[in-house]
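In this note's numbering, each number is its position in the sequence shown, counted from 1, plus 52.
Ideal Cβ placement from N, Cα and C applies to all residues, glycine included.
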Amino acid sequence: MKPTIKLYDLSSDYLAALDALAEIEDLPPEAIADTLDGLAGAWEDKALNVARYVRNLEAEAAAIDEAKKRMDARAKSTASRAARLKSYLKAELERTGLKPKAPDLALRLQNNPKSVAIDDAALIPEEYRHTETVETILKAEIAAALKSGKAIPGAHLVHSQRLVIQ
């Protein structure tokens with residue numbers, strides 16, 4: 053397989069050519085323009101191909117997410133059907149008292165260990181309670197305050213950039 057030129061290398065070549073051309077005093081402007089146009093064209097082609105590949109990967113990720121959603125829905129439906137049949141089977145075992153057996157499985161009812169049922173949570177003594185505190189930072193409100201000129205200790209606005217592929 054033929055090695056491909058990396059966008060990073062094309063960027064380095066372009067910047068090196070800019071520096072080199074700036075140092076040559078007698079070079080005609082047409083030669084500078086031709087050299088930079090050639091390098092910029094190769095760089096743009098590579099950048100556009102990378103962007104096309106990014107779009108392809110994003111589309112593939114979206115397709116995988118959709119397939120995952122369908123599989124999750126199918127798994128949930130299958131688990132619900134199994135739970136309904138298990139409940140039905142339990143009710144019929146309770147009703148008949150039978151204990152069917154086969155070489156690969158046996159059915160019987162088994163008593164579970166005792167579990168706690170809470171009738172009224174308000175009546176439970178404090179010694180049997182645990183309170184958890186969840187702290188959430190309200191970033192939208194902080195952003196609004198900072199944008200209006202208010203200083204918030206421990207926070208500041210950050211300006212960043214993102215790549216847009218249209």
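#1: Could you have a look at ALA158 and say whether DSSP puts it in helix, strand or coil?
#2: So, are the CB atoms of LEU73 and THR87 less than 8 Å apart?
#3: Determine the DSSP secondary structure at LYS202, reduced to helix, strand or coil.
#4: When you compare the CB positions of LYS98 and LEU70, do they come within less than 8 Å of one another, or not?
#5: Within a Cβ cutoff of 8 Å, which residues of the same chain sit near LYS142, ignoring the five residues on either side of it in sequence?
#6: Quick one: give me the first and last residue of the alpha helix (DSSP H) that LEU190 is part of.
#7: Tell me, to the nearest whole angstrom, how far the beta carbon of LEU59 is from that of VAL102; I am working on the premise that it is less than 8 Å.
#8: Where do the ends of the alpha helix (DSSP H) carrying LYS58 lie?
#9: Let me check understanding here. Comparing Cα to Cα, which of ARG181, HIS208 and TYR180 lies closest to ALA192?
#10: Is DSSP giving LYS153 helix, strand or coil here?
#11: Tell me the residue span of the alpha helix (DSSP H) that contains ASN101.
#12: Residues in its own chain within less than 7 Å of ALA114 by CB, not counting five upstream and five downstream?
#13: Measuring CB to CB, does ASP65 end up less than 8 Å from LEU91?
#14: Contact check, ILE204 vs ALA197 under 8 Å by CB: the rounded distance?
#15: Taking the alpha-carbon positions, what's the PRO81 to ILE57 distance?
Concretely, from the data shown:
#1: Residue state for ALA158 is assigned as strand, using DSSP reduced to three classes.
#2: In contact: LEU73 and THR87 (Cβ atoms closer than 8 Å).
#3: Coil, per DSSP.
#4: For LYS98 and LEU70, no; Cβs fall outside 8 Å.
#5: Once the five neighbours on either side are set aside, the close Cβ partners of LYS142 are LEU161.
#6: Neither: LEU190 is in no alpha helix (DSSP H) and is coded neither H nor E.
#7: Sure, about 6 Å apart at Cβ, within 8 Å.
#8: Unbroken run through LYS58: none, as it is neither H nor E.
#9: When ARG181, HIS208 and TYR180 are compared, the shortest CA-CA separation from ALA192 is found for HIS208.
#10: Three-state result, LYS153: strand.
#11: In the DSSP assignment, ASN101 falls within the alpha helix (DSSP H) that extends over 81-148.
#12: In the same chain as ALA114, and ignoring 5 residues on each side of it, no C-beta atom comes closer than 7 Å to its own.
#13: Closer than 8 Å, so yes.
#14: ILE204 to ALA197, Cβ: 6 Å. Contact.
#15: One C-alpha to the other measures close to 28 Å.
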